[in-house]
Every structure is written in structure tokens, then in C-alpha cells.
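Going by the numbering used here, the residue at position 331 of the sequence shown is 331; the numbering climbs one at a time, nothing skipped. Note that beta-carbon positions come from the ideal geometry of N, C-alpha and C, so glycine has one too.
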Amino acid sequence: MILYGKMKVKVSSRKDDFLTKRLFIIGTVILSIVLVLSFSMFADNLAINTNKLTTKETTQLTIGSLKGEYHVDTIYLAEALSVGGDIPYEITIGEGTLSLRVQFDGELISEEEVRNTSVGLLKIHGEAGNYEVSILTEKAKDIKLTLRKEVIKDRDWSEFTLFDWGRKEIRLSDVEYQQYLNWVNENEIFAADVSLVGNDLLEVRFFELEEYSDILDFTEEILSIELQDLLTLNAEVADLHLREAYKASTYYQNQQEPTIQFFDLEGDLIVEYNTSSEQRRIEKEQEEERNRVNLGTFRMREPIDINGDVITITGGTTVARRLENELYSPNIVVRLGIQFENIRDVGTFASAKLFSIKDSWGQELEIYPFEENLGEIVKAGEETHGPVYFVASGKGPYEVTYTTTKAKVTWVVSDRELGIY
């Protein structure tokens with residue numbers, strides 16, 4: 001009985017120990033969950049599943065979930081930069097948004113808001129010292145960041161022209177092209193926000209043009225150019241600059257032209273270009289030439305109606321005056337008198353640049369660049385008078401041709417009519 005009793009007591013003790021351990025484990029798990037939840041709810045900064053790999057060139061960081069601020073790295077600049085610089089980065093975010101921040105001596109000097117995938121630059125003022133880079137977010141998940149541990153010196157982009165981009169000795173790194181785009185955006189060069197998506201797509205989004213309201217009113221009232229047409233013209237100019245700068249950068253590979261998309265104020269696509277401006281110009285000229293109507297050949301002083309522009313060559317004479325400080329002074333300069341009447345319902349532009357002149361040998365003659373050459377806006381129902389100067393060869397008669405996108409007309413003028421003997 002005692003043995004049986006002892007056995008009974010022994011079994012009961014084992015059950016008590018098992019229950020005690022079980023309760024302890026359950027209690028520990030519950031307490032851990034409560035602590036984690038409490039920490040998540042009340043902690044200012046919480047980073048879960050972080051992994052950082054730092055080398056001399058880059059810092060690669062992944063974070064599963066982040067709330068608050070997380071210090072990424074310290075970038076040391078040994079020597080000051082006179083024009084400032086940028087720290088390159090690449091980042092992807094699975095969920096949420098965040099800000100990349102740069103502090104110098106405890107002062108915030110740069111902040112970039114990031115959504116989804118971004119390749120960009122963190123701007124710094126260029127003083128020598130330590131720049132602290134951090135991430136700040138209310139909540140973001142699946143963050144992957146690559147930070148280059150270098151400062152790229154900025155350039156004075158205002159000094160660059162279209163001619164400069166075409167010069168082979170100018171080559172921009174991917175970071176420098178990003179710097180150029182930042183300069184374009186900060187200075188509102190094209191009244192738009194420009195961003196590079198991937199390696200070969202540029203998105204240009206025009207914004208409100210309130211400060212250009214006078215120009216918009218003028219173009220719509222006088223020239224009957226709507227806002228959408230004006231944005232298209234602006235897109236052509238912007239495409240030329242952005243494309244040439246792109247082709248001077250390391251993004252340009254295997255002669256592959258970038259695609260540049262332009263969006264209006266509502267976010268709708270206006271136009272998309274994926275060929276060079278030179279190729280588009282050639283194709284446009286070929287199409288215009290196929291569709292252009294030849295109105296015929298006429299004599300001087302005959303008025304001709306070219307789609308609402310009534311043009312008359314009223315006379316011609318040689319002039320003795322020449323430009324100052326020119327290396328070559330032509331023997332014969334002719335002044336043609338032009339009467340330009342606008343009989344349309346909208347304004348138009350009268351320009352000497354729409355005239356071209358050939359002599360009897362087929363030689364293209366130069367429009368002589370006096371400032372007073374015809375060039376002005378003519379309102380609906382009004383007319384103007386102005387000169388067109390050209391360098392004559394003495395091999396008349398001359399074919400004076402006026403060409404628009406829709407039509408062309410030619411006047412034949414002899415040497416005698418111009419006083420050339």
C-alpha cells in the first residue's frame with residue numbers, strides 16, 4: 001500500500017511538473033507577443049529584418065519593415081566643393097513611402113521623398129566634413145537601398161549649348177545626367193518636371209503656366225495658337241535638348257534613341273518621340289514637299305495669295321551699305337521691297353526666312369543678315385511693308401521663292417529690274 005501510495009504520489013508529481021512547464025511556455029509566448037506588440041505600438045523607431053553590407057564604394061541595405069528613422073551611413077567629404085555636389089542612390093519600396101535625408105552638423109540640408117522605384121541624387125552644399133544619410137518613414141516595407149559612398153561634383157549646366165552636346169569629347173556619367181535633369185527641374189527650364197524611368201524612357205510633365213498667362217493670351221488671340229499646340233511646340237524644343245544631353249551620357253548605348261513622352265496638365269499624353277529630331281525633321285520635310293502645292297511662277301509686282309497671305313514684290317535695288325566687321329564683303333547686295341497683307345481671320349508671321357533665292361545657274365544665294373529684314377506679326381486684316389536683302393551673283397534672272405508648309409510661289413526677277421548691269 002505504501003509503495004502503491006508512493007507510486008501514486010510520484011505520478012501526480014510528474015503531472016504537476018508537466019502542467020507547470022506547459023503553463024510557463026504558454027505564458028512566455030504570450031508575454032513575448034505582448035512585448036512585441038507594445039514595442040511596435042509605442043516605439044518611435046522600429047526596423048525589422050535589416051541587413052546591411054558596407055564596402056568602400058557602396059552601402060547596400062535591406063529592411064523588411066520600418067517605422068520611424070534609420071541611420072544608413074556617414075559619407076565623408078575630405079575637400080570642399082565650390083559648386084556643391086550629389087550623393088547617388090538607387091532604391092525600391094514594396095509598400096509605403098519614405099524620405100531620404102542628409103544632415104550636416106545636425107542640420108537637415110537635403111530631403112528626397114521616394115515612392116516605389118527611384119534612381120536619384122541627394123544634394124549637398126559641398127562643405128568638407130561628415131554627411132549623415134538616413135531614412136524616415138511613418139511605415140514602409142520591403143526596402144532595398146544602394147547608396148554610393150561618393151560625392152559627385154556638380155557642373156554649371158547653364159554654360160552648355162546644343163552644340164556642346166554634339167561634341168564627342170563631352171561624355172556624362174549616369175550620375176551627371178541625373179544632375180543635369182535636376183538642374184532642368186530646379187530652374188523650370190521647360191516649365192515641366194522631367195524624370196528618367198529606367199535607362200531609356202524620359203517622362204516630361206508640364207505644369208501650370210500661370211506666370212506665362214500673358215504669352216498664352218497673346219498666342220491665342222493674335223496667332224490663334226491653342227494651349228495644346230503651344231505645349232507641342234514646347235515639347236519639340238525640350239526633346240531636342242534632353243535627347244542630345246542623353247546621347248552625350250553613358251545611358252546612350254548601341255545607338256538606341258531614348259523614348260521621350262510629354263504629358264499635359266491633366267496627365268494625358270500629348271506626344272511621344274522615339275527617333276532623333278534630325279530624322280523627324282527630314283521625314284516632316286519630305287511629307288510637306290509631297291503635299292505642298294506649287295502656285296506657279298510670276299513676275300515682280302504681281303500680288304499672289306498664299307493661303308491668306310497676299311504677297312507682292314514691289315521693287316528691287318542694289319545697296320552700298322554692308323555689315324560692319326565682316327570678313328568677306330559681297331560685291332552686290334540687293335534690297336527687295338515686300339508688301340505683306342494678311343486677309344485671314346487670325347494673325348500670322350511675316351518673315352524673310354521664308355524666302356529663298358537662286359540665280360540662273362541654280363546657285364542658292366544668301367539672305368543678307370541686315371537687322372531690318374522682314375520679320376513681324378501681322379494681325380488679321382492688316383498689312384505690313386518690309387525688305388528682304390540678298391547677295392546677288394550678277395547671273396540673273398533670279399527665282400525668288402516663298403515657301404510655307406502648304407504652298408510655294410516663285411517670282412522671276414531680272415538683273416535689269418534690280419539695277420544690275
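Does residue i come out as helix, strand or coil in the three-state DSSP assignment?
i      : result
Val11  : Note on Val11: pLDDT 44, under 50, position unreliable in the model; no value is reported.
Ser158 : helix
Tyr177 : helix
Glu417 : helix
Tyr251 : coil
Ala192 : strand
Ala430 : Residue 430 falls outside the range modelled here, since the chain spans only 1 to 421, and no answer is possible.
Gln256 : coil
Thr55  : coil
Asp200 : coil
Asp264 : coil
Gly64  : strand
Leu81  : coil
Asp73  : strand
Glu186 : helix
Val34  : The pLDDT assigned to Val34 is 48, lower than 50, so where the model puts this residue is not dependable; a value taken from the coordinates is nonetheless given after this. Val34: helix per DSSP, three-state reduction.
Arg101 : strand
Gly96  : strand
Ala128 : coil
Glu112 : strand
Arg205 : strand
Tyr402 : strand
Thr232 : helix
Ala392 : coil
Whole-angstrom Cβ separation of residue i and residue j, contact assumed at under 8 Å?
i      : j      : result
Thr275 : Glu257 : 6 Å
Tyr478 : Tyr251 : Here the chain covers residues 1 to 421 and nothing more, so residue 478 does not appear.
Thr404 : Ile306 : 6 Å
Val412 : Thr317 : Wrong, their Cβ atoms sit about 17 Å apart, outside the cutoff.
Leu145 : Leu61  : 5 Å
Thr55  : Asn130 : Actually they do not touch by this definition, with Cβ atoms about 18 Å apart.
Leu323 : Ala352 : About 15 Å separates the two Cβ atoms, so there is no contact after all.
Tyr89  : Leu147 : 5 Å
Val400 : Leu336 : 7 Å
Gly396 : Ile357 : In fact, because the Cβ distance is near 11 Å, the residues do not count as touching under 8 Å.
Leu98  : Ile135 : 5 Å
Glu371 : Pro387 : That pair is no contact at about 11 Å.
Lys408 : Asn294 : 6 Å
Val378 : Gly347 : 7 Å
Gly85  : Ile152 : 6 Å
Rounded to whole angstroms, what is the Cα-Cα separation between residue i and residue j?
i      : j      : result
Glu95  : Leu66  : 10 Å
Ile93  : Ala78  : 32 Å
Ser277 : Gly166 : 13 Å
Arg155 : Val83  : 7 Å
Ser329 : Glu341 : 33 Å
Val102 : Gly64  : 22 Å
Glu376 : Glu186 : 33 Å
Ser40  : Glu266 : Reliability fails at Ser40, whose pLDDT of 45 lies under 50, so the model's placement of it is uncertain and the value that follows must be treated cautiously. Rounded to the nearest angstrom, the two C-alpha atoms are 41 Å apart.
Asp264 : Ala128 : 42 Å
Ala140 : Glu132 : 20 Å
Glu302 : Ile313 : 7 Å
Asp193 : Glu112 : 15 Å
Asp415 : Phe262 : 51 Å
His71  : Lys52  : 11 Å
Ser118 : Ile91  : 5 Å
Thr59  : Arg115 : 20 Å
Glu383 : Ala350 : 10 Å
Leu172 : Ser249 : 4 Å
Glu150 : Ser158 : 24 Å
Phe355 : Glu244 : 30 Å
Trp183 : Tyr402 : 41 Å
Val204 : Gly120 : 16 Å
Leu122 : Asp164 : 26 Å
Ser360 : Lys406 : 26 Å
Glu417 : Val333 : 14 Å
His385 : Gly315 : 12 Å
Glu364 : Tyr398 : 10 Å
Asn49  : Gly68  : 15 Å
Ile260 : Ala320 : 50 Å
Glu57  : Leu201 : 27 Å
Val175 : Asp142 : 25 Å
Val197 : Ala80  : 32 Å
Asn254 : Leu162 : 21 Å
Ser195 : Phe206 : 12 Å
Kindly say whether residue i, judged by its beta-carbon, lies nearer than 8 Å to any beta-carbon of chain E.
i      : result
Glu372 : Protein chains in the displayed structure number just one, and chain E is not present.
Beta strand (DSSP E) runs contained entirely in the stretch 294-352, provided each spans 3 or more residues: 304-306, 309-319, 333-342, 348-351
contact_flag[the stretch 267-287, the stretch 379-392] where n(CB pairs < 8 Å) is 3 or more: no
Three-pair Cβ contact test at 8 Å for the stretch 264-279 versus the stretch 229-246: yes
Secondary structure, alpha helix (DSSP H): runs of 4+ residues fully inside the stretch 353-386: none
Inside the stretch 266-294 only - beta strand (DSSP E) runs reaching at least 3 residues: 269-273
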